[in-house]
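> Numbering (full-length UniProt numbering), first residue to last: 1 to 77.
The structure follows.
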């Protein structure tokens, strides 16, 4: 049976995807300075940065939905 992930589980998965994207970017930058990267490696880095941006956007959307679903009020922040 294929069950849908709960909202909390989706937040956890999205956070893990953000972490993986960051780790990949950090690893790539540690191996080769941007100035010395091949065109292919720059394309991969660009895709990783795009993925990280999308992951953070999705995480924000999920956290907003989770806050609404759990009646959290962040107005005091």
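Heads up, the beta-carbon is just placed ideally off N, CA and C, and yes, glycines get one too.
Compute the distance between the beta-carbons of residue 53 and residue 41, then report whether it is under 8 Å.
no
> Exposed or buried, residue 67, counting other C-beta atoms within 10 Å across all chains shown (16 or more means buried)?
exposed
> At what residues does the alpha helix (DSSP H) containing residue 28 begin and finish?
7 to 31
> Within this structure, are the beta carbons of residue 48 and residue 28 separated by less than 8 Å?
yes
> Inspect the beta-carbon positions of residue 59 and residue 18 and report whether they are closer than 8 Å.
yes
> What's the call for residue 69, buried or exposed, on a 16-neighbour Cβ count within 10 Å?
Within 10 angstroms of the beta-carbon of residue 69 lie fewer than 16 other beta-carbons, which makes it exposed.
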